[in-house]
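Taken in sequence, the protein lines are chains A and B.
According to my numbering, the stretch in the first sequence is residues 1484 to 1597, in order.
According to my numbering, the stretch in the second sequence is residues 40 to 150, in order.
Even glycine gets a Cβ: it sits at the ideal position worked out from N, Cα and C.
These numbers were taken from a predicted model, which means no experiment stands behind them.
The structure appears right after this line, and notes come after that.
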Amino acid sequence: EAEVAQSPRYKITEKSQAVAFWCDPISGHATLYWYRQILGQGPELLVQFQDESVVDDSQLPKDRFSAERLKGVDSTLKIQPAELGDSAMYLCASSSRGVGGEQYFGPGTRLTVT
Amino acid sequence: EDQVTQSPEALRLQEGESSSLNCSYTVSGLRGLFWYRQDPGKGPEFLFTLYSAGEEKEKERLKATLTKKESFLHITAPKPEDSATYLCAVQAGDSWGKLQFGAGTQVVVTP
């Protein structure tokens, strides 16, 4: 069964350092999402890609966060510099279509900023 | 503004004790309502998509229903392995496909 892959699974970093997360979606899925989930809350969208283009980054803190999907396949989310409030689970999801399509999530990256 | 509210926040059930979870929503032009299951420390696992009022879907001990204002997830004769957080999410017609999630209902089933 095809799955979304994410790495690393866990990351501990000091505040003001840079951190990066990687996601490999299900093969053939054109739509890729990055969500952030704070403990006890539901995931919130950070950025959405359709192929290699960003279609929604309205909730991405652009002063410190960046995301890319250069060849329209795997994607990287970067935070620089990390802040204490960035501690959360970062989830990647993919879908074969945007509106109306099911989104399949990866296992997530648990980030702790000290 | 799109809103999703789930209740109760937490639910403790005895094995075999059926119950229902509620997801109430306000959204501009619903494109789909999604249910996910999430185990601690893991990503959400897709369960169901409902597209229109009156629609129902079933999977093992779970059944999801949809009205114009809310959705219910019914758990029939639950087992301990059904313990998880159940998340509801809506997809609005004016979005590119992002999911707006509720905070979830944490379900614990005891033997």
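Quick one: any contact between the region 1560 to 1568 of chain A and the region 1490 to 1500 of chain A, if contact means 3 or more CB pairs under 8 Å?
yes
So L126 (chain B) and Q77 (chain B) are supposed to be a Cβ contact under 8 Å. How far apart are they, rounded?
The count along the second sequence starts at 1 and reaches residue 126 (chain B) at position 87. The count along the second sequence starts at 1 and reaches residue 77 (chain B) at position 38. About 6 Å; that satisfies the 8 Å criterion.
Compare the C-alpha of G141 (chain B) against each of B:K102, B:E84, B:Y64 and name the closest.
Within the second sequence, residue 141 (chain B) is the residue found at index 102, counting from 1. Comparing Cα positions, the closest option is B:Y64.
Would you please verify whether the beta carbon of R76 (chain B) is less than 8 Å from any beta carbon of chain A?
As a working note, residue 76 (chain B) is residue 37 in the second sequence. It does not; no Cβ of chain A falls within 8 Å.
Can you tell me whether DSSP reads E95 (chain B) as helix, strand or coil?
Indexing the second sequence from 1 puts residue 95 (chain B) at position 56. Three-state result, E95 (chain B): strand.
Less than 8 Å between CB atoms is the rule here; does K137 (chain B) satisfy it with respect to chain A?
For the purposes of this step, residue 137 (chain B) is identified with residue 98 of the second sequence, where counting begins at 1. So, interface residue.
When the Cβ atoms of the region 1534 to 1554 of chain A are set against those of the region 44 to 61 of chain B, are three or more pairs found closer than 8 Å?
no
Within-8 Å CB hit, A123 (chain B) to chain A
Here residue 123 (chain B) is taken as the residue at index 84 of the second sequence, counted from 1. Judged by the 8 Å Cβ criterion, A123 (chain B) is not in contact with chain A.
Quick one: is P29 (chain B) buried, meaning 16 or more other Cβ sit within 10 Å of its Cβ, or exposed?
Since the first residue of chain B shown is 40 and the last is 150, residue 29 (chain B) is not available in this structure.
Please list the partners that F1504 (chain A) has in chain B, where partner means a Cβ-to-Cβ separation under 9 Å.
Counting from 1 along the first sequence, the entry for residue 1504 (chain A) is found at position 21. Per Cβ cutoff of 9 Å: no residues; F1504 (chain A) is ~13 Å from chain B at best.
Going along chain A, which residues have a C-beta under 7 Å from T144 (chain B)?
What you label residue 144 (chain B) is simply residue 105 of the second sequence in a count that begins at 1. Result: empty, since nearest Cβ-Cβ is about 11 Å, beyond 7 Å.
Beta strand (DSSP E) containing V1538 (chain A): first to last residue?
Taking the first residue of the first sequence as 1, we reach residue 1538 (chain A) at position 55. 1536 to 1539 is the span of the beta strand (DSSP E), which, as asked, contains V1538 (chain A).
By the DSSP assignment, the beta strand (DSSP E) with W135 (chain B) in it spans what residues?
The residue given as residue 135 (chain B) occupies position 96 in the second sequence. Note, W135 (chain B): premise wrong, no beta strand (DSSP E); not H, not E.
Rounded C-alpha distance that separates Y1493 (chain A) from V1596 (chain A):
Stepping through the first sequence from its first residue, residue 1493 (chain A) is reached at position 10. Stepping through the first sequence from its first residue, residue 1596 (chain A) is reached at position 113. For Y1493 (chain A) and V1596 (chain A), the distance between alpha carbons rounds to 11 Å.
Using 8 Å as the threshold, is the C-beta distance between R1580 (chain A) and T1496 (chain A) below it?
If you number the first sequence from 1, residue 1580 (chain A) lands on position 97. If you number the first sequence from 1, residue 1496 (chain A) lands on position 13. No, these two residues do not count as a Cβ contact at 8 Å.
Exposed or buried, what is Y90 (chain B) when buried is set at 16 or more other beta-carbons lying within 10 Å of its beta-carbon?
Position 51 of the second sequence, counted from the start, is the residue given in the question as residue 90 (chain B). Burial call: exposed.
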